[in-house]
Amino acid sequence: MTAGTGLPRSAFLPRLVASLDAIVALCDDLRSVLEREREALTKGKDDELAVALGEKRDRLRRMSEAEEERRKASEDVSESLGLGRADFPLAEVAGRLDEPARDQLILIKDRLFQCMKEVGALNQGNARLIRRAQHYNRHLIGLLADGGSDTYGPDGSPHLGAPGIFQKRA
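Per my numbering, the very first residue in the sequence shown carries number 598; after that it's consecutive.
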């Protein structure tokens, strides 16, 4: 038994482990969605990009729900360990557990951090692709609209070209 809850910590630990496993699985799923998003971005497949973005929104919503469950389970475990009802870092919670439970939490934490690192790298790469496409689109619109150019000559001075395609003279 533990102080505070009246329930043994063994009643709460499986819930924390299950919530962490669910987040890892969702993170893996999000990684595959981000890979499909990257493929759609690089191949210019707007319909596939729209599907990937919808799936990404869904995965993020589900991850948020899973994180809320993890937070509640972590608070219960922390309270059962006498730390108080707070969402303490996994390392601090693990440090208060026996060796098998500690090793289990550390293993899950490592899997989660690795997956999050991969998801972050994919997401940043996709963001760079989107920013680059936006830059080229703004440049093209500038060329078409007013003849002003975002390009520069070899000496760094603005490159003056022909008037914009949409400009007409009376």
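Glycine is no exception: its CB is placed at the ideal position from the N, C-alpha and C atoms.
In this structure, the beta-carbon distance from SER675 to ALA683 falls below 9 Å. Of the candidates ARG668, LEU704 and ASN723, the residue whose Cα lies closest to the Cα of GLU636 is ASN723. In this structure ILE738 is exposed. Its beta-carbon is surrounded by fewer than 16 other beta-carbon atoms within 10 angstroms. With at least 16 other beta carbons inside 10 angstroms of its own, ASP673 counts as buried. Counting only runs that start and end inside the stretch 652–724, the alpha helix (DSSP H) elements of at least 4 residues fall at 687–692. Non-local C-beta neighbours of ARG628 in its own chain, meaning closer than 8 Å and more than five positions away in sequence, comprise CYS712, GLU715, VAL716 and LEU719, ordered along the chain. Assigned with DSSP and collapsed to three states, GLY739 falls in helix. Annotation: the continuous alpha helix (DSSP H) that includes ALA622 extends over 610–640.
Excluding sequence positions up to five before and after ARG612, its CB lies within less than 6 Å of the CB of ALA670, all in the same chain and listed in chain order.
Taking the Cα positions, ASP644 is about 10 Å away from LEU650.
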